[in-house]
Amino acid sequence: MGKRYINVPDPRNPKRLTRGLVVNFKTLKESWNEYELEDGTKVKVRLVAQSISYVLDPETGEIMRNPLGEPVINVRHSIIVTAEFPEENLQEVKISEY
2 MGKRYINVPD PRNPKRLTRG LVVNFKTLKE SWNEYELEDG TKVKVRLVAQ
52 SISYVLDPET GEIMRNPLGE PVINVRHSII VTAEFPEENL QEVKISEY
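Be aware that the sequence shown starts at 2, since it is given in our numbering, and climbs by one per residue.
If you want it as structure tokens, here you go:
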């Protein structure tokens, strides 16, 4: 399979796009972050990576690097949020007929 590219924001100018070199990856762990609100509501949040790419310098075509010399990475992702409410916080749901 050949190299794949996507458009990504240019970190030096977010109003401009540049190319990102898509890299294959293996998910090692995707855990939930769990929070309990003061009213007893439990909120769970999880970030899921959809694609990961190295940002390419639009002038040189080389992988862009930060001041420490590390490659700049772009992650396209989704954030999943779910909540569990204490019964006393729920209102009765009225089901309408269509």
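All C-beta atoms in this analysis are idealised placements derived from N, C-alpha and C, irrespective of residue type, glycine included.
Asked: What does the Cβ neighbour count give for GLY21, buried or exposed, with the cut at 16 atoms within 10 Å?; Found: buried
Asked: In the DSSP assignment, what residue or residues form a beta bridge with SER97?; Found: DSSP, once it has assigned bridges, lists no residue as partnering SER97.
Asked: Please list the segments of the beta strand (DSSP E) lying wholly inside the stretch 5 to 44, counting only runs of 3 or more residues, in order along the chain.; Found: 6 to 11, 14 to 24, 34 to 37
Asked: Beta carbon of LEU57, beta carbon of GLU63: below 8 Å?; Found: yes
Asked: Helix, strand or coil for ASN75 per DSSP?; Found: strand
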